[in-house]
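Protein sequences appear in the order of chains A and B.
Start counting the first sequence at 1; every next residue gets the next number (my numbering).
Start counting the second sequence at 1; every next residue gets the next number (my numbering).
Ideal Cβ placement from N, Cα and C applies to all residues, glycine included.
There are 2 protein chains.
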Amino acid sequence: MANEIPDIVIGRLPLYLRALRRLAEDADQTTTSSQELGDRLGISSAQIRKDLSHFGEFGKQGTGYHVNYLIEQLRRILNLDREWPVVLVGAGFLGHALANYGGFHSRGFRIAWIFDNDPAKVGKQMADLTVQHVDKLEETIRNEGAQVAILAVPASAAQAITERLVDAGIKAILTYAPINLAVPDDVQVQYSDPVVQLQRMTFYLRP
Amino acid sequence: MANEIPDIVIGRLPLYLRALRRLAEDADQTTTSSQELGDRLGISSAQIRKDLSHFGEFGKQGTGYHVNYLIEQLRRILNLDREWPVVLVGAGFLGHALANYGGFHSRGFRIAWIFDNDPAKVGKQMADLTVQHVDKLEETIRNEGAQVAILAVPASAAQAITERLVDAGIKAILTYAPINLAVPDDVQVQYSDPVVQLQRMTFYLRP
DNA sequence: CTAGAATTGTGAAATGTTACACGAACCGTG
DNA sequence: CACGGTTCGTGTAACATTTCACAATTCTAG
C-alpha cells in the first residue's frame, strides 16, 4: 500500500488539509465528499481519492469523509502533529513580514529565531523575537536541533547561508532568494520567487 | 512545431531565464550548453533542449546557445519584452515588502498602484507610491488597462477582492492568501502560501 | 426490511512527461 | 581539408500521472 509515494501527491496533501480546515471552521461542516473537496480545489474527485488511498482508507462509501478525522490523519501523515520551530534568516522587509505573519502557529510552525548580518538590525525586536547576529546561526541550530529554515536574504548571500544551514543540520529550506540552491539529496528545498510566478502567467496574456 | 505547449514547460522557462541572466551577469559568459544549464538547475539537458524545441531552434550543434540571444528569445516568448504594470492589493507587512522589493523592475514588472481598505494606511507613502483606497480599484484597472495583480490581503477578503479584480479586467493574479480562488477559465492564478510549502517538506523529515 | 441514491477505493485504460540515443552540424587543430 | 570532440534537435521508448468506470458499502426513506 505505502510503497513509494509520488512527491506530486505529497504536494497536494497540504492543499487538502487547508481546504478541510476551511470547511470545518467556516462552514461548520462535519462531513464532506471527494466531490465537494475537488470542486473547491479545482481537482477531480478521483484524484483526491487516489491520493488518499496511498495512506489508508479514511472514508465511508455512501457517506464520504469525516472532516475532523481526515484533518487529523493528514496532520499525522505530514508530521504536523507537533510544532516545528523555524529559523528565519534575513530581517529585511520580507523577514519582517514573515516574522509578523499570524498564519504559522495554527498550521504547525513557529518562527523561533531570527538572524541577520546587519549590525543595525541585530538586537532589534521583531514580532516577539530579538534579531540575532548571523554568527550565532550554527550554534543555535545545533543546540536546538532545528530542522526547518526560511531564507529571506539577497540572492548574493543565499548559497553561502544555505551551506551554513545545511552544515549545521537543517533539512528543509523555504527560500525567497531568486536563485537555485545547491544542496545535498537529503535536504528539501522549496522556492518562492514572485517574479518567476508572474512570468509564468504573462505567457498567456496578450501584450 | 508550436501546437499546444504544456503548462509545465512554460513553468520552467522563467527558471531558464533566471539562470541565464545569472550566467551573463555573474560569470560574464557568452555561450552555454544545455548540459551546463541543466547542472545548475538540477534538470536534465535533454529536457531543456526538448522544452526549447517547442518554440524554435535557438542553439548550434557543437557550440551550444548564445546566452544573450537565448535570453532575448525567452523574454519574447514570455511576453517580457515590455514592462507589465502591477496592481498590488494590501498594504500590510507583506504589501510593504513587495512594494519595496527591487527585483521586479529588471525582470519585466513594476508595482504601479497600491490599494488598501484601511483608512489609516490610505494616503501613506510606500516605496515611491501613495496607498490608495480600494474603492478606486476598478476605476484604476479599467482606465490603465492593467492585467496583472498581486493579492496580499487576508484570506477572508481574498475571494471578494478577486472577483472585483476579474470584473475590472485583471487576467493574472499572484495571491498570497491561504485560500483557493475561484476564477473564470481565462484568468491565470499563481499561489504562494509559505505554510503549504513548509508542510510539503515536513513529510520527509523525521519528527 | 427493501429499494434507491450516494460515495468510496481501486484495477485498468488513457494521457502526459521525461529520458534515451543517435544523426546532423559545428568548431578547432594539425 | 579531414578528423575528433561537442552539442543540438528529435523520434521513440520508458515512465509517471490522471481519468475512467464499477463493485462494494452505507445511508435514507418508506
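Length of the line joining the Cα atoms of residue i and residue j
i              : j              : result
P14 (chain B)  : L20 (chain B)  : 10 Å
A182 (chain B) : Q159 (chain B) : 7 Å
V122 (chain A) : H133 (chain A) : 6 Å
A91 (chain B)  : G42 (chain B)  : 36 Å
M1 (chain A)   : E25 (chain B)  : Low per-residue confidence applies at M1 (chain A): pLDDT is 37, beneath 50, and the placement is therefore not dependable enough to give any value.
D39 (chain A)  : D185 (chain B) : 14 Å
T162 (chain A) : L137 (chain A) : 11 Å
I8 (chain A)   : Y191 (chain B) : 16 Å
N100 (chain B) : P154 (chain B) : 20 Å
E72 (chain B)  : E4 (chain B)   : 22 Å
P6 (chain B)   : L98 (chain A)  : 34 Å
A157 (chain B) : V166 (chain B) : 14 Å
R76 (chain B)  : A146 (chain B) : 20 Å
K60 (chain B)  : Y69 (chain B)  : 12 Å
D193 (chain A) : F93 (chain A)  : 15 Å
P207 (chain B) : G56 (chain A)  : 20 Å
G62 (chain A)  : T130 (chain B) : 55 Å
L37 (chain A)  : A112 (chain A) : 33 Å
D81 (chain B)  : A168 (chain B) : 25 Å
L74 (chain A)  : F58 (chain A)  : 10 Å
H54 (chain B)  : I179 (chain B) : 34 Å
D118 (chain B) : A27 (chain B)  : 46 Å
R164 (chain A) : D135 (chain A) : 10 Å
S106 (chain B) : A120 (chain A) : 28 Å
K124 (chain A) : K124 (chain B) : 24 Å
Distance CB(residue i)-CB(residue j) smaller than 8 Å
i              : j              : result
S45 (chain B)  : Q35 (chain B)  : yes
V148 (chain B) : A172 (chain B) : yes
L88 (chain A)  : I170 (chain A) : no
E83 (chain A)  : G64 (chain A)  : no
E144 (chain B) : P85 (chain B)  : yes
Q197 (chain A) : L174 (chain B) : yes
F203 (chain B) : L78 (chain A)  : yes
V195 (chain B) : F104 (chain A) : yes
I10 (chain A)  : R200 (chain B) : yes
D51 (chain A)  : R22 (chain A)  : no
I114 (chain A) : M126 (chain A) : yes
Residues sharing a beta bridge with residue i, DSSP
i              : result
D116 (chain B) : B:H133
P172 (chain B) : For the record, residue 172 (chain B) in the displayed sequence is Ala; it is not Pro. Answer is B:V148, B:Q188.
M201 (chain A) : Per DSSP, none; premise fails for M201 (chain A).
R110 (chain A) : A:P85
Q125 (chain B) : B:T130
Exposure label - residue i; buried when at least 16 CB within 10 Å
i              : result
R110 (chain A) : exposed
T32 (chain A)  : buried
G102 (chain B) : exposed
Q188 (chain B) : buried
D128 (chain B) : exposed
A152 (chain A) : buried
G95 (chain B)  : buried
D116 (chain A) : buried
heavy atom of the ligand FAD below 7 Å from residue i C-beta
i              : result
Y204 (chain A) : The ligand FAD is not among the ligands present in this structure, which contains no ligands whatsoever.
Practice task
Return the chain-ordered ranges of every beta strand (DSSP E) run that is complete within the region 12-91 of chain B and spans a minimum of 3 residues.
Solution key: 64-66, 84-89
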